[in-house]
Amino acid sequence: DVLSKEATKRKINLNISYEINEVSVKHTLKLIHPKLEYQLLLAKKVQLIDALKELQIHEGNTNFLIPEYHCILEEADHLQEEYKKQPAHLERLYGMITDLFIDKFKFKGTNVKTKVPLLLEILDSYDQNALISFFDAA
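The numbering of the sequence shown is the UniProt record's numbering, which starts it at 1 and goes up by one.
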């Protein structure tokens, strides 16, 4: 876009050709996957902390909780601190994936902005294979 605008300003005839490498899109999604999965898991754990603390206060004994929940209670301060350090990290990852989706189809001449809400739903219930399938099918 920038090159085209500059060429137009200077009245230069510009012929741009490109080829979209589908493998690079999948590769980018796979590179983002561990970061996205980690941030989603962190957000879910932080959401559980208040409910687990309330259970701990009212029940007194939390032996009935599964080990994962015990771990969340033990690491609650650390989890909340880590989450506060990077409050916008998950949003940035969502933004990168959304931009990748829009740009991939923009180069193909297709406007997919109407499909962004569906993409965000897929991200909220994240599954890597479902996300890749969505990118392929759109």
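Quick reminder that beta carbons are idealized off the backbone N, C-alpha and C, glycines included.
Treat the numbers as computed from the prediction; the structure is a model and nothing was measured.
Residue i burial status per 10 Å Cβ neighbour count (16 or more: buried)
i                : result
phenylalanine 64 : exposed
lysine 108       : exposed
lysine 84        : exposed
isoleucine 72    : buried
histidine 9      : Contrary to the premise, residue 9 reads as lysine rather than histidine in this sequence. Exposed, because fewer than 16 other Cβ atoms sit within 10 Å of the Cβ of lysine 9.
leucine 3        : exposed
leucine 79       : buried
Pair within 9 Å by beta-carbon distance, residue i and residue j
i                 : j            : result
leucine 90        : alanine 43   : yes
phenylalanine 135 : leucine 29   : yes
leucine 48        : tyrosine 126 : no
isoleucine 97     : leucine 131  : yes
isoleucine 16     : lysine 104   : no
Among the options, nearest to residue i - alpha-carbon criterion
i            : options                        : result
leucine 123  : Ser4, Val25, Ile32 and Glu6    : Ile32
tyrosine 94  : Lys113, Leu119 and Lys104      : Leu119
glutamate 82 : Lys45, His27 and Ile97         : Lys45
aspartate 77 : Asp50, Asp103, Thr62 and Glu59 : Asp50
leucine 101  : Asn13, Glu68 and Ser24         : Note that residue 101 is phenylalanine in the sequence shown, not leucine. It is Ser24 whose Cα lies nearest to the Cα of phenylalanine 101.
proline 117  : Lys106, Thr62 and Asp99        : Asp99
message: My parser needs the alpha helix (DSSP H) runs of 4 or more residues fully inside the UniProt domain "BBS7 helical hairpin" (22-135); what are they?
response: Those alpha helix (DSSP H) runs which fall completely within the UniProt domain "BBS7 helical hairpin" (22-135) and span 4+ residues are 22-59, 67-74, 76-85, 89-107 and 116-124.
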